[in-house]
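Trainee: Please read through the structure below; I'll follow up with questions.
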Amino acid sequence: MSFIPYGRQLISQDDIDAVAEVLRGDFLTQGPKVGEFERGVSDAVGASHAVACNSGTSALHIACLALGLGEGDYLWTSPNSFVASANCARYCGASVDFVDIDLHTGNMDVNRLQEKLIHARQHGKLPKVVVPVHFAGQPCEMAEIGRLAQEYGFYVIEDASHALGAQYHGAPVGSSQYSDITVFSFHPVKIITSGEGGMAVTNNPVFAEKMRLFVSHGITKDPEHLSQNDGPWYYEQQELGFNYRMTDIHAALGVSQLTRLGEWVARRNQLAEHYHDLLQSLPVTPLEVISQVISSYHLYVIRLDLNEIKIGRRQLVERLRGQGIGVQIHYIPIHTQPYYSKLGFSKGDFPVAEQYYQEALSLPLFPAMSEEDLDRVAVALKSSIN
Ligand SMILES: *Cc1c(COP(=O)(O)O)cnc(C)c1O
22 MSFIPYGRQL
32 ISQDDIDAVA
42 EVLRGDFLTQ
52 GPKVGEFERG
62 VSDAVGASHA
72 VACNSGTSAL
82 HIACLALGLG
92 EGDYLWTSPN
102 SFVASANCAR
112 YCGASVDFVD
122 IDLHTGNMDV
132 NRLQEKLIHA
142 RQHGKLPKVV
152 VPVHFAGQPC
162 EMAEIGRLAQ
172 EYGFYVIEDA
182 SHALGAQYHG
192 APVGSSQYSD
202 ITVFSFHPVK
212 IITSGEGGMA
222 VTNNPVFAEK
232 MRLFVSHGIT
242 KDPEHLSQND
252 GPWYYEQQEL
262 GFNYRMTDIH
272 AALGVSQLTR
282 LGEWVARRNQ
292 LAEHYHDLLQ
302 SLPVTPLEVI
312 SQVISSYHLY
322 VIRLDLNEIK
332 IGRRQLVERL
342 RGQGIGVQIH
352 YIPIHTQPYY
362 SKLGFSKGDF
372 PVAEQYYQEA
382 LSLPLFPAMS
392 EEDLDRVAVA
402 LKSSIN
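Here our numbering = 1-based position in the sequence shown + 21.
Next comes the structure, spelled out in structure tokens:
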């Protein structure tokens, strides 16, 4: 039987043709496809500006730089995320702290955020940036986070790596109504792919301008921004930037993939419904979806009732993988990674994320899966835990 991974890209002939066309053309990089992809994404999510990058991680980094995050500052994020959500602060020389999660959604718990802010204000250690992560594709409670941002004076970067195509209170994630910048990833397991790639979107023209500088060495050629002008060759390096540019090859794939965003998010939701039905009688609990949101269902996560199932989670993962079912665990709490332990974090610091980690299991979910594939996953799960 074939192996079903937990996530997988879906590539069409149109995608292949779009990439081939770039390869036959004049620009492999710094050509028109990057701008086209930026406009496509900003239109799709309702943001005024978009800056494409070579990864979601670089997009997080330039977002932090644009907000002026640096030494002596704090960035807070969720421990239940990929390490990049926290590392972006470290690249800037800033410190990281975490806000524990809600066990039922896997997202940052806004009550804990508020408690931590009250405490931090008393100790003069308020964060400069908070990075809520829309875990598994479900938007965080952004209205509350936005209200706290106003009250406590921090910036918000939404890590929407999982959540392209998701909606919050009727608006697409990325419209950034309650945040300063929203970041997407186009890694192949994500909602759409450009191979590697990412994008930072914002409604703030100053942040957009800064991010554009940081993506390309801190260099500008825009006559309006030059301090002098020696001639048509002239450019200036105004900041210490990076080469985080997306290529036209990647952008062409992204543009082509983007045309199927709505269809794929709908399909992911349909498959998630089917999983809900199949798993109803088992001692497992799917992530809760809060009201007034549409999840993009990057992941289908269940929590195992470890008292009810007959085997340990590790055995379960090994057994399912042995049957060709590529289950995965999202996520090992970031603060328990050796790098973050060295910075002073310990087990026990964020107990809900740690409990969640013990119970979580991501079942395969991607648009090319059939209902029969899900049936096969459910049968294997059922027979393994009984
Ligand atoms: C994938 C991911 C990233 C990083 O994206 P890359 O494009 O792989 O660099 C950041 N945060 C989260 C939550 C992710 O899942």
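Don't be surprised by glycine CBs; every beta carbon is placed ideally from N, CA and C.
These figures come from a predicted structure and were not determined experimentally.
#1: Just the C-alpha distance for Val151 and Arg45, rounded to the nearest angstrom, thanks.
#2: Is the Cβ-Cβ distance between Pro160 and Trp97 less than 8 Å?
#3: Could you give the first and the last residue of the continuous beta strand (DSSP E) run that contains Tyr296?
#4: How many Å lie between Ser196 and Glu329 at the Cα?
#5: What three-state label does DSSP hand Tyr318 in the structure shown?
#6: Taking His155 and Ala115 to be in contact with their CB atoms under 8 Å, please state how far apart those CB atoms are, rounded to whole angstroms.
#7: Quick check on the DSSP output: the beta strand (DSSP E) that includes Ala381 runs from which residue to which?
#8: Quick one: residues in its chain with C-beta nearer than 6 Å to the C-beta of Ala71, no 5 flanking neighbours on either side, listed in chain order?
#9: For Gly219, is the beta carbon positioned less than 7 Å from some heavy atom of ligand 1?
#10: Does the separation of the CB atoms of Glu375 and Arg324 fall below 8 Å?
#11: Return the Cβ separation of Val204 and Asp180 in integer angstroms, given the expectation that the two are a contact with Cβ distance under 8 Å.
#12: Considering only the alpha carbon of each residue, which of Phe24, Gly52, Ala65 lies closest to Val286?
#13: Might you give, ordered along the chain, the residues of its own chain that have their beta carbon closer than 8 Å to the beta carbon of Leu300, omitting 5 neighbours on each side?
#14: Taking the DSSP output, what are the residues bridged to Ala74?
#15: Give me the Cβ distance between Arg133 and Asp121, rounded to the nearest whole Å; I'm assuming they're in contact under 8 Å.
#16: Is the beta carbon of Val55 within less than 7 Å of some heavy atom of ligand 1?
Mentor: Result, derived from the coordinates:
#1: 43 Å
#2: no
#3: Unbroken run through Tyr296 is the alpha helix (DSSP H), 282-300; no beta strand (DSSP E).
#4: 42 Å
#5: coil
#6: At roughly 22 Å, the Cβ-Cβ gap does not stay under 8 Å, so His155 and Ala115 are not in contact.
#7: 381-384
#8: Glu59, Val62, Ser63, Met220, Val222
#9: yes
#10: no
#11: Indeed, because the Cβ distance is near 6 Å, the residues count as touching under 8 Å.
#12: Ala65
#13: Spatial neighbours of Leu300 in its own chain (CB-CB distance under 8 Å, excluding positions within 5 residues in sequence) are listed in chain order as Pro307, Ile323, Ala399, Leu402.
#14: It should be pointed out that residue 74 corresponds to Cys in this sequence rather than to Ala. Looking at the DSSP assignment, Cys74 forms a beta bridge with Gly219.
#15: With 8 Å as the limit, Arg133 and Asp121 qualify as a contact, their Cβ atoms being about 5 Å apart.
#16: no
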